[in-house]
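Heads up, my numbering is the position in the sequence shown plus 473, with the first residue counted as 1.
For each residue, glycine too, the CB sits at the ideal point set by N, CA and C.
None of these values were measured; they are calculated from a predicted model.
For reference, the structure discussed in these notes is given below.
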Amino acid sequence: MAVTEAADRPQLAALLDAVAPPPAVAARYRAHGWWRTETFLHDLYRTAATAPTRPAIVSHRAHRPAARRTVTVTYAQLALYVDRFAAALRSLGVGAGDPVAYQLPGWWETAALTLACWRVGALAVPVLPAVRAHGLERILRGTQARVCVVPDEWEGFAHAEVLAELAPRLPWLRRRVVVGDAAPTGAVDFGAYFVRTAHERGPYGRERPLPAGGGLLITVMGLGDRYTAVLHTPDTLYASIAERREGEVFHCPMPFTSLASLLFTVCRPLAVGGTGVYRDVWDPGGCLDLMAEAGVNQVFAPPVYWTELLAAQRDAPRDLGALRLALSGGRTGTPAELLAELPGVLGAEVRTVWGTPEAGMATVARGETPAERRGESDGRPLPGLELSVVGEGPGGVGERAVDRLRVRGPSVALATWPHGAETVTGPWEHDEGWLDTGDLGRADGLGGVRVTRRAEERTGGIFLVPVAELERELPAHPGVAEAAVVAYTDAEYGEMPCAVVVPATAAEPPGLVALREHLAGRGIAEAFLPTRLELVGSLPRDGSGELRREALRAWLARLRPGTPRVGM
């Protein structure tokens, strides 16, 4: 199906319909319980009816006065606000299949707005708050969102002003909505129009059946100016829920509009009648305080977050007695040293996971073997998910061979779409449901997978640094013969990028300032520039010539930053 830049391009709902799996496959998924006829909205309304005062959300807002920082939203309140926000969206012209973009921090309103989109049958389009004007315009232009919701200002960035400047170039954007002071930009005031106006009692809030449509479009920002949209539905999201213990409390410190955070703190709690715990500003000590206060049972975080949480807990131990399970991983592997230290400090079971925006949370280690506890396995696939490197996958991949890691199953996104491409690609259209993640992997001998190389090596805490792009641009500097970019942990800022450089001439090695200026001149954003430089005589490589990144990371961890090196 063609995708054009014209205002009358096909609705994304039609694109979703076009790439759905064959009816027999969908029926099989439902027969096994991986998909279902209900949605997360059914879960919400059921718990609101049976346990209306149970906390659905505990939301911490760092910039409020101390007495108002933590807000608890019950199931009854969340159900009311979902109905209210949905009616407000309808009154603004949003209908089934329409994209609704929102660039909001980890607030309860963000979760309610996501669910309200699904209540209308619309497509929720979350945008990370760290995305700036160019990236936001790319996403709004690519998705042709009908409504966009932003804060007036967040972390020093004037989101409302930027959206107002972009709007004249986006003719399909019907409404701008601002959380906070909307008057200066002439936008709809979210507090007045969505939160405090009882639209659910008016003509747009009449009792309506729960829609079967609606979905989630996650934008994956690649290297340079490449953006890819990943299309999920409540069914594919539901299939990423590994276990379902009733009433548990969940937390994820990642930016709220990431797929992992939405899965772990919105979808999973609703499915079990539990509670999602949010913080809008990352702070490891504050995160631990909130976990203790809210009685969090499960936490998911990438390793960079766990490194900082580990240091903060050692520095000032909190009572985390309610915590029973910590999940570490995602798109980055967990170092064995970190995996060994976490259980003792947290007092909880720790498991590694692997996932991607396309496959959701795909594998979970059970922690039953020494290999899993040493981080030598990225886990076994969730029920229904097939991995090409385990068993006889496509192309007859051997049991322990390293190959492209492809996935097929109920949690796999229905489609991917590189922004600007002429077509949307659904895995069921061309490859019998198999989707190439871009990662390399092999069977771990335990029924699971060991990911041996990630699709696009990246580092960074909040901002994901495009490593491949930096490594391509660094050798263009006349003082650089070879270069690698790997992560190191800064005590204050968390995971940061370090440039490991082989100088072109040992007598005149390049400096960090010069390299940063060089990269900035070649269009690399300031947030992505290396903050540390190490000089080496050569880069470590394996027998096939591949860069040994883990060896570099371990070497960096043993060094005092800034001292020139002549070898490893």
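Within the region 646-683, the runs of beta strand (DSSP E) that reach at least 3 residues and sit entirely inside it are, in chain order, 648-652. Taken through DSSP and simplified to helix, strand or coil, Gly882 comes out as coil. Along the region 784-825, the alpha helix (DSSP H) occurs as fully enclosed runs of 4 or more residues at 809-819, listed in sequence order. A direct Cα-to-Cα measurement between Tyr778 and Trp827 gives close to 16 Å. In this structure, Leu819 lies away from Val837, with their beta-carbon atoms at least 8 Å apart. The Cβ atoms of Arg839 and Glu845 lie closer than 8 Å to each other. Annotation: the region 485-563 contains the following complete segments of the beta strand (DSSP E) (minimum length 3 residues), in chain order: 528-533 and 543-547. In the displayed model, Met727 falls within coil according to three-state DSSP, outside both helix and strand. For His607, the uninterrupted alpha helix (DSSP H) run begins and ends at Ala606 to Thr616, by DSSP.
In the DSSP assignment, Ala960 forms a beta bridge with Pro970. For Leu887 against His533, the beta-carbon gap comes to about 34 Å, at or over 8 Å, which does not count as contact.
Between Leu919 and Thr842, the C-beta gap is smaller than 8 Å, which places the two residues in contact. By the criterion of a C-beta distance shorter than 7 Å, Ala809 is surrounded in its chain by Arg847 and Gly848, once the five residues flanking it on both sides are discounted.
Buried is the label assigned to Asp917, since at least 16 other Cβ atoms lie within 10 Å of its Cβ. The beta carbon of Arg989 lies closer than 8 Å to those of Leu1002 and Pro1003 in the same chain, with the five residues before and after it left out. In the three-state reduction of the DSSP assignment, Trp755 falls in the coil class. If you draw a straight line from the Cα of Gly566 to the Cα of Val661, it is about 13 Å long. Judged by DSSP secondary structure, Ala633 falls within the alpha helix (DSSP H) whose first and last residues are His632 to Leu639. DSSP places Gly994 outside any beta strand (DSSP E); the residue lies instead in the alpha helix (DSSP H), whose first and last residues are Leu985 to Gly994. Here Val973 is buried: its Cβ has 16 or more other Cβ atoms, across all protein chains shown, within 10 Å. Per DSSP, Ala715 lies in no beta strand (DSSP E) segment and is marked neither H nor E. Boundaries of the alpha helix (DSSP H) harbouring Cys590: Trp581 to Val593, taken from the DSSP string. Fewer than three beta-carbon pairs drawn from the region 671-691 and the region 637-649 are found closer than 8 Å, and the two stretches are therefore not classed as touching. His536 sits exposed, since fewer than 16 C-beta atoms from the chains shown fall within 10 Å of its C-beta.
In the structure shown, Trp627 adopts extended strand secondary structure according to DSSP, grouped into three states. Counting along the chain, Trp907 sits inside no alpha helix (DSSP H), nor does DSSP assign it H or E at all. By the beta-carbon neighbour count (other beta carbons within 10 angstroms, threshold 16), His505 is exposed. By the CB criterion at 8 Å, Leu913 and Pro900 fall outside the cutoff. Residue pairing by DSSP puts His705 in a beta bridge opposite Leu689.
Per DSSP, Pro599 is one residue of the beta strand (DSSP E) stretching across Leu596 to Pro599.
Residues of the same chain with a CB within less than 6 Å of the CB of Phe667, apart from the 5 flanking positions on each side, are Phe558 and Ala561 in chain order. Looking at the DSSP output, Ala916 bridges to Val922. One Cα belongs to Gly852, the other to Arg915, and the distance between them is close to 12 Å.
Cβ-Cβ separation between Arg1021 and Asp1015: approximately 6 Å, consistent with a contact (criterion under 8 Å). Close CB contacts of Thr706 within its chain, under the 6 Å cut and outside five residues either way in sequence, are with Gly688 (chain order).
Inter-segment contact for the region 742-754 and the region 518-528 is present: three or more beta-carbon pairs are separated by less than 8 Å.
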